[in-house]
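K.L.:
Before anything else, here's the structure in question.
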Amino acid sequence: MTEAPHDVKVWPTVSSIPVSAVTDDSPPGRLLPPRIEEVAGASGTGRDSTGGAAGGGAGRDAAGGSTGGAATGVGTGRARSATGGARGNPAAEFGFSGDPGQHGTPDDDMLHAQRVWDGTLATNRLDDLGVNTERQRVETADVTITVGVLVDGRPDDVRRSLRSVLDHTSAAVLALDLGDVDGAGRVLRELAEEYPERVIAWHVAERPAWHGGTASWGESRTKLMRLDTSEVHVLLETLVTLDGDAITPLVAAVYEGAVAAGWMGYERDGDNWREAAPGRVAALSGDLMAVRRSVALGASPEDARDGFELSRALRGELVVPRDRLEVRRTQAH
């Protein structure tokens with residue numbers, strides 16, 4: 001994520017914010033290669049075997065803007081090292097059977113069914129205790145992550161949404177204030193001053209197109225991604241509040257090979273779209289979506305009107321994690 005000076009500067013337009021000093025000559029990428037199999041019938045979801053492996057990192061830029069200080073660019077992982085190794089039989093720790101060497105007799109269906117049930121219970125209990133999320137934090141600890149936010153009004157939502165990210169994750173926040181609508185830009189400025197190591201704020205006088213201005217969603221989102229240098233860029237709308245660490249599971253899905261992962265997905269239903277079950281999907285909601293930044297920048301994001309359109313333009317696998325994410329909408333736009 002890039003740095004900006006400590007003084008508060010308001011740029012006239014989104015396009016006037018300089019990005020010439022932002023480079024991608026950061027450490028080698030930590031993401032696994034994206035999966036290349038196609039999603040049958042999904043529009044705009046072809047596969048790319050090159051995106052996402054390069055370019056992320058903790059590079060910094062002193063080109064200009066307003067900030068509370070230099071963000072670390074560290075992702076949601078809490079930097080816990082994986083000492084001690086993996087446990088061979090986690091189910092046994094909870095008093096269940098599950099010794100992988102005990103296969104039973106082939107015709108003992110009852111014994112087999114009991115062991116499957118015991119294993120399922122053990123897995124559920126591990127999930128309830130947050131073991132999966134903690135494992136994901138360790139796996140993705142070296143992946144650079146930035147949460148990108150457009151501030152376009154509703155100051156209470158801005159405060160609530162950004163504080164939820166700051167409270168429940170260790171992700172850096174890169175925010176672009178569009179015209180200080182209803183004082184939302186002042187709220188962003190206060191948060192940048194309160195969290196100087198985690199929040200970078202850019203301010204422009206140009207108002208968003210959906211509030212009678214000229215700044216489009218695509219142009220504004222593209223500017224945020226170009227100001228960022230992280231491998232994974234997380235799109236967050238301020239109508240979303242996190243009740244827990246909902247970022248790590250999304251980043252883990254991208255780390256494992258998805259091009260993007262979101263908390264809500266969609267599939268075709270004739271000429272319409274409907275909410276899809278967790279797993280591979282044809283499109284994602286842009287309310288909360290983690291994406292390989294290099295792939296997103298190659299998908300003409302400036303032409304997208306929202307996160308849904310951007311997701312459909314991405315070349316790669318789109319997924320919704322199977323574990324329930326602690327996310328809620330505060331209101332609809």
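Letter 173 of the sequence shown, counting from 1, is numbered 173 in UniProt numbering, and no numbers are missing.
The C-beta atom is built at its ideal place from N, Cα and C for all residues, glycine as well.
Ordered along the chain, which non-local residues of its own chain (more than five positions away) have a Cβ less than 7 Å from that of E326?
P.N.:
Cβ neighbours of E326 beyond the five flanking positions: L242, D243, G244, A246.
K.L.:
Between S170 and R186, what straight-line distance do the alpha-carbon atoms span, to the nearest angstrom?
P.N.:
Roughly 23 Å separates the two Cα atoms.
K.L.:
Helix, strand or coil, according to DSSP, for W143 in the structure here?
P.N.:
The sequence shown places Val at residue 143, not Trp. Note: V143 maps to coil in three-state DSSP.
K.L.:
Give me the residue from E197, A201, P249 with the minimum Cα distance to K9.
P.N.:
Per the Cα distances, A201.
K.L.:
Excluding the five sequence neighbours on either side, which residues of its own chain have a C-beta within less than 6 Å of the C-beta of H211, listed in chain order?
P.N.:
Around H211: V181.
K.L.:
How about the region 259 to 266 and the region 278 to 291: do they share at least three Cβ pairs that are nearer than 8 Å?
P.N.:
In short, these stretches touch, since the Cβ pair count reaches three.
K.L.:
Measure the alpha-carbon distance for S216 versus A260 and round it to whole angstroms.
P.N.:
Going from the Cα of S216 to the Cα of A260 covers about 22 Å.
K.L.:
Heavy atom of the ligand SAM less than 7 Å from the Cβ of P196, yes or no?
P.N.:
Summarising the ligand content, the structure contains no ligands, and the ligand SAM is consequently not present.
K.L.:
Smallest Cα separation from R198: which of L318, L239, T13, L162?
P.N.:
If we check each option's Cα against that of R198, L162 comes out closest.
K.L.:
According to the Cβ coordinates, are L318 and A290 closer than 8 Å?
P.N.:
Contact flag unset, no.
K.L.:
Find out if the Cβ-Cβ distance for the pair V151, T238 is shorter than 8 Å.
P.N.:
For V151 and T238, yes; Cβs fall inside 8 Å.
K.L.:
With the cut-off set at 8 Å, would you say G153 and A184 are in Cβ contact?
P.N.:
Yes; because the gap between Cβ atoms is below 8 Å, this pair is in contact.
K.L.:
Out of V254, G316, A313, point me to the one whose CA is closest to T140's CA.
P.N.:
Ranking the options by Cα distance to T140, first place goes to V254.
K.L.:
Using beta-carbon positions only, say whether P301 and G218 come within less than 8 Å of one another.
P.N.:
Yes, these two residues count as a Cβ contact at 8 Å.
K.L.:
Based on the DSSP output, what are the partners of A184 in its beta bridges?
P.N.:
For A184, which the question treats as bridged, DSSP gives no partner whatsoever.
K.L.:
Please name the residue in A313, V149, L314 whose C-alpha comes closest to that of A192.
P.N.:
Ranking the options by Cα distance to A192, first place goes to V149.
K.L.:
My parser needs the alpha helix (DSSP H) runs of 4 or more residues fully inside the region 241 to 287; what are they?
P.N.:
List check, alpha helix (DSSP H) in window: 247 to 255.
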